[in-house]
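S.K.: Its first residue numbered 1, the sequence shown is counted upward by one per residue in full-length UniProt numbering.
Yeah, the Cβ is synthetic: ideal placement off N, Cα and C, and Gly gets one too.
My questions will all concern the structure given below.
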Amino acid sequence: MNTQEELTDEKTKCKTRCISVKGRLIISFFCIVGDVLSWTIRAEFFQGIEGIYNKPIFISYVVHSCYVFFFFAWLVLRYFPLILKSRRIKPSIYSWKYYLLISCIFTIIIFAFNYTWYLSLPLTEVAANTAIYEAATAFVFIFSVPILGERVTLVKILSLIVSIIGVCLISLFPGQSNANRTVIIHNLSNLTNRSSNMTVLTEATINNSTLGYSLVIFSTVLYSLYEVLYKRLSSSPRDTSPIHNTIRMLGLIGIWYMILVAPFLLIAHFTGLEKFEIPSLNVALLILLNSALDGFSNILILIGIVLSSPLFISMGALLALPTSMLADYIFHKIVMSNLSILGAVCILVGFIGFIISTVLHDHTDNNRESSRCFSLKKGWTIKNYFFLYSVGWYSTVNSEDVKPLLNR
């Protein structure tokens, strides 16, 4: 009797985990949708901005410092549950010392890839710069294999290749109106959460150089590594409040950014690298709007990374390109080239292929785990460890996570 009850309990727990995996993918998909819509709104909103306030370092500082409001939101969720009429969230499995250290490292990485990307702008062509940066998905995949134990399948590889081809087609063969119009670098986030520089450049004034392309490649690699490391260092299968802790992490990044980048802002002012000027009221409102939209986009992407994988989110974020094309056609009557349309189709096909690959392999792994889980009365908790591996969480399980399973 007890044996049957134990097996039933074990089966229920395994089923719950499988449902949890599906739920995480669904939430992550909605995070992608929200990020794509947010990016499209930003892209359309800033297409009419003239380069009247070209202070990218200051704008980046304000945008990222505003992440501090997420920390206040976490405080409300953590210590004032009665206000929201919700249950108080449980303490994190990570210590405050760990959160402060990791968020500090992330802040330095964020500033590094933002600033190197900004330096690359006047030294590269806009289309080539965009194509290289949007190819960050490839680097995310490369880093995910050794760091996160990402499963390498033929379908994933083909989906990735097709999506990158689509990005190149859209970037290198734009619509008719793009040939003569001023090119606006409106990358508040631009699929990779870069801060908006609101820099206006004309294609005639852009110079190519080895240094410029080296900088944008370095920035792309660094951003890809940031996404993968965020998954590796900020998520754990034992975390009972992953969304709340993601909010806290982004808030701490905002605090660190406010502290660490302030001296650099002063140095830029006194050395003439970027003279500070008080923005007009309209520009100030635009910067604040940038900050709100960027924060919304970032929190969605980080939640998606924690709940699913950096590769899934990175692939989904590419959908912002065809979505932006559609918005340009609807609101600005911009006719895209046939190659651009083909590129949009490639991105869509690549993302669908990646979803199919993910769902099929998760289903296979879950079924295999269930059969192993119920074949033996004892040792099923060790199988849980391999279950985590099968759904891509292997790298987040350190030795301290495994010990409780092995000792039970």
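Which same chain residues end up closer than 7 Å to residue 156 when comparing Cβ atoms and leaving out the 5 residues on each side of it in sequence?
M.R.: The residue you call residue 156 lines up with position 156 of the sequence shown. These residues qualify, in order along the chain: 354, 357.
S.K.: Give me, in chain order, the residues of the same chain whose beta-carbon lies closer than 6 Å to that of residue 350; leave out the 5 immediate sequence neighbours on both sides.
M.R.: Taking the sequence shown and counting its residues from 1, the one referred to as residue 350 is at position 350. The answer, listed in chain order, is 159, 162, 163.
S.K.: Between 251, 135, 94, 225, which has its C-alpha nearest residue 171's C-alpha?
M.R.: As a working mapping, residue 171 is identified with position 171 in the sequence shown. Here the closest residue by C-alpha is 135.
S.K.: By the DSSP assignment, the alpha helix (DSSP H) with residue 272 in it spans what residues?
M.R.: Within the sequence shown, the letter at position 272 stands for residue 272. Segment: none, residue 272 is in no alpha helix (DSSP H) and carries neither H nor E.
S.K.: Cα separation between residue 305 and residue 129?
M.R.: Here residue 305 corresponds to residue number 305 of the sequence shown, with the count starting at 1. Here residue 129 corresponds to residue number 129 of the sequence shown, with the count starting at 1. Going from the Cα of residue 305 to the Cα of residue 129 covers about 25 Å.
S.K.: Taking only the alpha-carbon atoms, compute the straight-line gap between residue 100 and residue 334 and give it to the nearest angstrom.
M.R.: For this step, residue 100 is matched to residue 100 along the sequence shown. For this step, residue 334 is matched to residue 334 along the sequence shown. Each residue's alpha carbon lies about 47 Å from the other.
S.K.: Less than 8 Å between the C-beta atoms of residue 320 and residue 39, yes or no?
M.R.: Taking the sequence shown and counting its residues from 1, the one referred to as residue 320 is at position 320. Taking the sequence shown and counting its residues from 1, the one referred to as residue 39 is at position 39. A contact, by the Cβ cut-off of 8 Å.
S.K.: From residue 291 to residue 63, what distance separates their C-alpha atoms?
M.R.: Taking the sequence shown and counting its residues from 1, the one referred to as residue 291 is at position 291. Taking the sequence shown and counting its residues from 1, the one referred to as residue 63 is at position 63. In a straight line, the C-alpha of residue 291 is about 4 Å away from that of residue 63.
S.K.: Output the distance between the C-alpha atoms of residue 287 and residue 59, rounded to the nearest integer angstrom.
M.R.: Within the sequence shown, the letter at position 287 stands for residue 287. Within the sequence shown, the letter at position 59 stands for residue 59. Going from the Cα of residue 287 to the Cα of residue 59 covers about 7 Å.
S.K.: Excluding the 5 residues flanking residue 72 on each side, which residues of the same chain have their C-beta closer than 8 Å to its C-beta?
M.R.: Position 72 of the sequence shown, counted from the first residue, corresponds to residue 72. So the list reads 251, once near-sequence residues are dropped.
S.K.: Suppose you measure from the CA of residue 300 to the CA of residue 328; what does that come to, to the nearest Å?
M.R.: Taking the first residue of the sequence shown as 1, we reach residue 300 at position 300. Taking the first residue of the sequence shown as 1, we reach residue 328 at position 328. Distance between the alpha carbons of residue 300 and residue 328: 24 Å.
S.K.: Which residues mark the beginning and the end of the alpha helix (DSSP H) in which residue 299 is found?
M.R.: Residue mapping note: residue 299 aligns to position 299 of the sequence shown, counting from 1. First-last of the alpha helix (DSSP H) with residue 299: 281-307.
S.K.: How far does the alpha helix (DSSP H) with residue 78 in it extend, from its first residue to its last?
M.R.: Looking up residue 78 in the sequence shown gives position 78. 68-79 is the extent of the alpha helix (DSSP H) around residue 78.
S.K.: Can you tell me whether DSSP reads residue 156 as helix, strand or coil?
M.R.: Counting from 1 along the sequence shown, the entry for residue 156 is found at position 156. DSSP places residue 156 in helix when its eight states are reduced to three.
S.K.: For residue 257 and residue 22, what's the separation of their Cα atoms in angstroms?
M.R.: Along the sequence shown, read from residue 1 onward, the residue named residue 257 stands at position 257. Along the sequence shown, read from residue 1 onward, the residue named residue 22 stands at position 22. If I take the Cα positions, the gap works out to 35 Å.
S.K.: Give me the residue from 29, 34, 210 with the minimum Cα distance to residue 296.
M.R.: Locating residue 296 in the sequence shown gives position 296, where the first residue counts as 1. Residue 296 has its Cα closest to that of 34, out of 29, 34, 210.
S.K.: Using C-beta distances below 8 Å, list every residue in its chain close to residue 217, excluding the 5 sequence neighbours before and after it, in chain order.
M.R.: Looking up residue 217 in the sequence shown gives position 217. The residues are 132.
S.K.: Looking at the structure shown, is residue 328 part of a helix, part of a strand, or coil, going by DSSP?
M.R.: On the sequence shown, position 328 is the one that residue 328 refers to. Of the three classes helix, strand and coil, the one that applies to residue 328 here is helix, per DSSP.
S.K.: Pop quiz: residue 274 and residue 57 are said to be a contact at Cβ under 8 Å. What is the actual Cβ separation, rounded to whole angstroms?
M.R.: For the purposes of this step, residue 274 is taken as the residue at position 274 of the sequence shown. For the purposes of this step, residue 57 is taken as the residue at position 57 of the sequence shown. With 8 Å as the limit, residue 274 and residue 57 qualify as a contact, their Cβ atoms being about 5 Å apart.
S.K.: Determine the extent of the alpha helix (DSSP H) in which residue 317 is found, giving its start and end residues.
M.R.: What you label residue 317 is simply residue 317 of the sequence shown in a count that begins at 1. Looking at the DSSP string, the run of the alpha helix (DSSP H) that includes residue 317 is 310-317.
S.K.: By the three-class DSSP mapping on this structure, what secondary structure does residue 60 have?
M.R.: Indexing the sequence shown from 1 puts residue 60 at position 60. Helix.
S.K.: Rank 94, 312, 347, 339 by C-alpha distance to the C-alpha of residue 323 and give the top, closest one.
M.R.: Here residue 323 refers to the residue found at position 323 when the sequence shown is read from its first residue. Nearest of 94, 312, 347, 339 to residue 323, Cα basis: 347.
S.K.: For residue 110, which of 221, 139, 293 has the nearest alpha-carbon?
M.R.: In the sequence shown, residue 110 corresponds to position 110, counting from 1. Answer by Cα proximity: 221.
S.K.: Does DSSP classify residue 238 as helix, strand or coil?
M.R.: Residue numbering aside, residue 238 sits at position 238 when the sequence shown is read from its first letter. Here residue 238 sits in coil by DSSP.
S.K.: For residue 410, tell me which candidate among 139, 67, 104 has the shortest Cα-Cα distance.
M.R.: The question about residue 410 has no answer here: the residues shown for the chain are numbered 1 through 408.
S.K.: Rounded to whole angstroms, what's the CA-CA distance from residue 230 to residue 79? Just pull it up for me.
M.R.: What you label residue 230 is simply residue 230 of the sequence shown in a count that begins at 1. What you label residue 79 is simply residue 79 of the sequence shown in a count that begins at 1. Distance between the alpha carbons of residue 230 and residue 79: 25 Å.
S.K.: Beta carbon of residue 225, beta carbon of residue 143: below 8 Å?
M.R.: Within the sequence shown, numbered from 1, the residue matching residue 225 stands at position 225. Within the sequence shown, numbered from 1, the residue matching residue 143 stands at position 143. The answer is yes: Cβ separation under 8 Å.
S.K.: How many Å lie between residue 96 and residue 298 at the Cα?
M.R.: Position 96 of the sequence shown, counted from the first residue, corresponds to residue 96. Position 298 of the sequence shown, counted from the first residue, corresponds to residue 298. Answer to the nearest angstrom: the Cα atoms are 22 Å apart.
S.K.: Which same chain residues, not among the five before or five after residue 293, have their C-beta less than 6 Å away from its C-beta?
M.R.: For this step, residue 293 is matched to residue 293 along the sequence shown. Cβ neighbours of residue 293 beyond the five flanking positions: 38, 42.
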